[in-house]
Amino acid sequence: MISKRQPITSVLVGAAMLVAAPWSGRAARADAGAGDATATQCGAISYVGCCAAATLHYCQSGQLVQKQCSNACGWNAAFALYGCGNSTAADPSNTHARECPAGDGGLPDAAADGPPPDDSSGPDAAGLDGQGGDGAGPDAAGCGAVPYAGCCDGDTLRFCAGNVVLALSCAAGSCGWSTARGYYSCDTSGGADPSSTYLKSCAQVVGDAGLPDAPTPRDAMALPDAAADGAADAPRDQSSADAGDGGQPSADASGDADVG
């Protein structure tokens, strides 16, 4: 599942159905901003990513992103990709190898700038505060009217991250506004934003335009980084610290929720 989050100036939404263990940032990658790109070619590395020991590699918008994990690099079942956390597990379906490919067409050389720091052992992207006033991520154009603060489509939570609308299945009646967090989440009594700044119903949010088509989650190079909220946002995640006050279970190891 995922690590700690911050109020909407650095928000992150979680799924109520996550089965726990500690992961850093939404999809273990939400803390990765545009400055994380360390190479211009991805070689054989896909958006799903791979691990070279404790270093995470994945392709974002045609660029190789490289992160040195503070604990371990492994499979995150919640978002079906490799990320930084406490597990060195591989994809149980064997579809995506854990080890990064080597040799021709394998792992490209990284630029001299080196990898960005990993924040999996600390608060969620503490340095990424500064949420935009509309609650959308920095690349919100592909999300239509759906903001980063999210909305509820029945019992499905939808929100914008990295120019993609992500969806999380909530327990019946639990999708609603979290006053403590400042965005829609899966662990509430189902109410709407009392300030009416963010409408609860996705149908009202998008109007006649309808919701953007939900992409296949983490489909290799087909998507931009759906988890990277960019430098303006902190990851929407949930942690065991949140669970005590109605928060989400910790989403930080081989967690288990679906995005799509």
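The sequence shown begins at 655 in the numbering used here and counts up one residue at a time.
C-beta: ideal position from N, C-alpha, C; glycine also.
Buried or exposed for residue i, going by 16 or more other Cβ atoms inside 10 Å?
i, result
"residue 703", "buried"
"residue 677", "Note that residue 677 scores a pLDDT of 36, beneath 50, so its modelled location is shaky; the value from the coordinates is reported in the next line. Residue 677 should be labelled buried."
"residue 814", "buried"
"residue 739", "buried"
"residue 789", "At residue 789, the pLDDT of 35 sits below 50, so the modelled position is not reliable; the number obtained from the coordinates is stated separately. Result: buried."
"residue 731", "buried"
"residue 826", "exposed"
"residue 756", "exposed"
"residue 657", "Reliability fails at residue 657, whose pLDDT of 34 lies under 50, so the model's placement of it is uncertain and the value that follows must be treated cautiously. It counts as buried."
Kindly list the residues whose CB is nearer than 7 angstroms to the CB of residue i, restricted to its own chain and excluding five residues on each side of it in sequence; keep chain order.
i, result
"residue 806", "829, 830, 838, 854, 855 and 856"
"residue 843", "830"
"residue 705", "727, 728, 736, 752, 753 and 754"
"residue 694", "With a pLDDT of 44 at residue 694, under the threshold of 50, the modelled position of this residue cannot be trusted, and the question is left open."
What residue from the options has the CA that sits closest to residue i's CA?
i, options, result
"residue 809", "799, 824 and 800", "824"
"residue 736", "752, 722 and 747", "752"
"residue 717", "862, 754, 801 and 700", "700"
"residue 697", "754, 740 and 859", "754"
"residue 851", "826, 827, 811 and 801", "801"
"residue 724", "733, 734 and 708", "708"
"residue 818", "747, 748 and 797", "797"
Give me, in chain order, the residues of the same chain whose beta-carbon lies closer than 6 angstroms to that of residue i; leave out the 5 immediate sequence neighbours on both sides.
i, result
"residue 742", "726 and 728"
"residue 745", "729"
"residue 926", "There is simply no residue 926 to check, as the chain begins at 655 and stops at 914 in what is shown."
"residue 845", "830 and 831"
"residue 748", "none"
By the DSSP assignment, the beta strand (DSSP E) with residue i in it spans what residues?
i, result
"residue 815", "810 to 815"
"residue 727", "726 to 730"
"residue 838", "837 to 839"
"residue 830", "830 to 832"
"residue 719", "717 to 722"
"residue 823", "818 to 823"
"residue 711", "709 to 714"
"residue 853", "Residue 853 -> no beta strand (DSSP E), and no H or E assigned at all."
"residue 706", "704 to 706"
"residue 806", "805 to 807"
"residue 696", "Residue 696 -> no beta strand (DSSP E), and no H or E assigned at all."
"residue 739", "735 to 739"
At what residues does the alpha helix (DSSP H) containing residue i begin and finish?
i, result
"residue 856", "856 to 860"
Grab me the residues of residue i's own chain with a C-beta within less than 8 angstroms of its C-beta, minus the 5 sequence neighbours each way, in chain order.
i, result
"residue 799", "859, 860, 861 and 863"
"residue 848", "831 and 833"
Round the Cβ separation of residue i and residue j to the nearest angstrom and send it over; I've been treating them as touching at under 8 angstroms.
i, j, result
"residue 840", "residue 820", "Not confirmed; about 12 angstroms, so no contact."
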